[in-house]
Amino acid sequence: MATVSMAFSLPALNSRNLRRVKRNSGMAFATVSEETTALGVKITEGEGNLPKVVLTSAGGSEAELYLFGGCVTSWKASNGKDLLFVRPDAVFNKKKPISGGIPHCFPQFGPGPMQQHGFARNMDWSIVDSENVEGNPIITLELKDGPYSRAMWDFSFHALYKVSLITFLTTACLFTCFQVILNTKSISTELTIKNMDNKPFSFNTALHTYFSASVTGASVKGLKGCKTLNKDPDPANPLEGKEERDVITFPGFVDCIYLDAPNEVHLDNGLGDTISIGNTNWSDAVLWNPHLQMEACYKDFVCVENAKIGNVQLEPERSWTAKQHLSIS
């Protein structure tokens, strides 16, 4: 069984000093209306008439996610600037995964015995809970096995995915003379996988996050010293190495796994924003940009992914949980 590291602490939204404004549990999409969802949680039609959830915080930030694939496709701070990227070739017809935002890779990351990146990004997730805590909207989705998944991976499982849009204030003291209030906007996700079968299973997984960026100006800090599996130039035979750079850039094709990555790295997106990418129990990281393989849009995004590259072994009735926390001040 994988154990959960608590090295990175997310904001304690459920602490007793916060007031839960409204909560609704056990909802299937077919019976959900605007009136029955929590404050700041709206169910609407998105691209291709697919069901979409819009989260709006009291602080003015906004996120969108599609039930198809459980895919977050937008995260905007109060200035309206989208920090995530959806590719111009993305389709919203259920014939292929949504290309961009924060897609799921489960129960397989990359190529393997089943389709690329598994099946979770190709299935409909359901809403099971919505709530609002002090102006911070939270939605919880679930995914269960069915004929489609069992044709590729013959196990019974239950996945829960909680997405929280958060605005909180922190106080910084400068030279002990005065204080500065920092208005930090965040989106947090929590993925839990439970083995509902009568036999053990193993999986690997990732959040394949696309960030809006100027690829020539984008850089990542915090991965120096990590063991690397570099898929350039031969994706089938990654080159083992060690990251020696303090600042990692994207000068061309980039596809590199960082094993035992720290619980926080920082992305300068080259557009004037620095995004903190934190995690609990996502043990690895992946940097990716396809360069000329995707000539129409590669200049406009980079992928910085929290991942679990090694197999997670789960016995029946046991669970594995990992959290991601993206924030910008």
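Take the sequence shown: its letter number 274 is residue 273 in numbering that gives the first Met the number 0, and every next letter is one higher.
Glycine included, every Cβ here is placed at the ideal spot set by N, Cα and C.
Query	Result
With a cut-off of 8 Å on the beta carbons, I'd call Val-301 and Val-214 a contact; round off their distance for me.	6 Å
Three or more beta-carbon pairs under 8 Å between the segment 224-232 and the segment 246-262, yes or no?	yes
Closest by CA to Thr-188, which one among Ala-260, Thr-139, Leu-83 and Ala-37?	Thr-139
Tell whether a beta-carbon distance below 8 Å holds between Ala-284 and Glu-263.	no
Count the other C-beta atoms from every protein chain shown that fall within 10 angstroms of the C-beta of Gly-238, then say buried if there are 16 or more, exposed otherwise.	Contrary to the premise, residue 238 reads as Leu rather than Gly in this sequence. It is exposed - the Cβ of Leu-238 has fewer than 16 other Cβ atoms within 10 Å.
Quick check on the burial criterion: 16 or more other C-beta atoms within 10 angstroms. Buried or exposed for Glu-243?	exposed
Excluding the five sequence neighbours on either side, which residues of its own chain have a C-beta within less than 6 Å of the C-beta of Phe-202, listed in chain order?	Pro-106 and Val-311
On a CA-only basis, which of Asn-131, Cys-104, Phe-118 and Lys-80 is nearest Thr-36? Give me that one, please.	Asn-131
Does DSSP put His-207 in a helix, in a strand, or in coil?	coil
Just the Cα atoms here: how many angstroms apart are Lys-143 and Arg-120?	13 Å
By the three-class DSSP mapping on this structure, what secondary structure does Leu-222 have?	coil
Name the residue from Ser-56, Thr-191, Glu-133 and Gly-45 whose alpha carbon lies nearest to the alpha carbon of Asn-280.	Thr-191
Could you tell me the distance, in whole angstroms, from the CA atom of Leu-49 to the CA atom of Asp-128?	19 Å
Please report the residue range of the alpha helix (DSSP H) in which Pro-146 lies.	146-149
Among Trp-74, Phe-249 and Glu-44, whose alpha-carbon lies nearest the alpha-carbon of His-324?	Trp-74
Between the segment 74-86 and the segment 193-209, are three or more C-beta pairs nearer than 8 Å?	yes
Could you tell me the boundaries of the beta strand (DSSP E) in which Phe-84 lies?	Per DSSP, Phe-84 belongs to no beta strand (DSSP E) and is neither H nor E.
Taking Ile-42 as part of the beta strand (DSSP E), name the residues at either end of that continuous run.	40-44
By the three-class DSSP mapping on this structure, what secondary structure does Lys-93 have?	coil
Taking DSSP as the reference, what is the three-state secondary structure of Gln-292?	helix
Quick one: Cα of Gly-117 to Cα of Lys-193, how far?	17 Å
Using the Cβ count rule (16 or more neighbours within 10 Å means buried), how would you classify Tyr-371?	As shown, the chain starts at 0 and ends at 328. That puts residue 371 outside it, with no answer to give.
Ignore the nearest five residues each way along the sequence and tell me which others in Pro-289's own chain have a CB closer than 7 Å to its CB.	Phe-252 and Tyr-297
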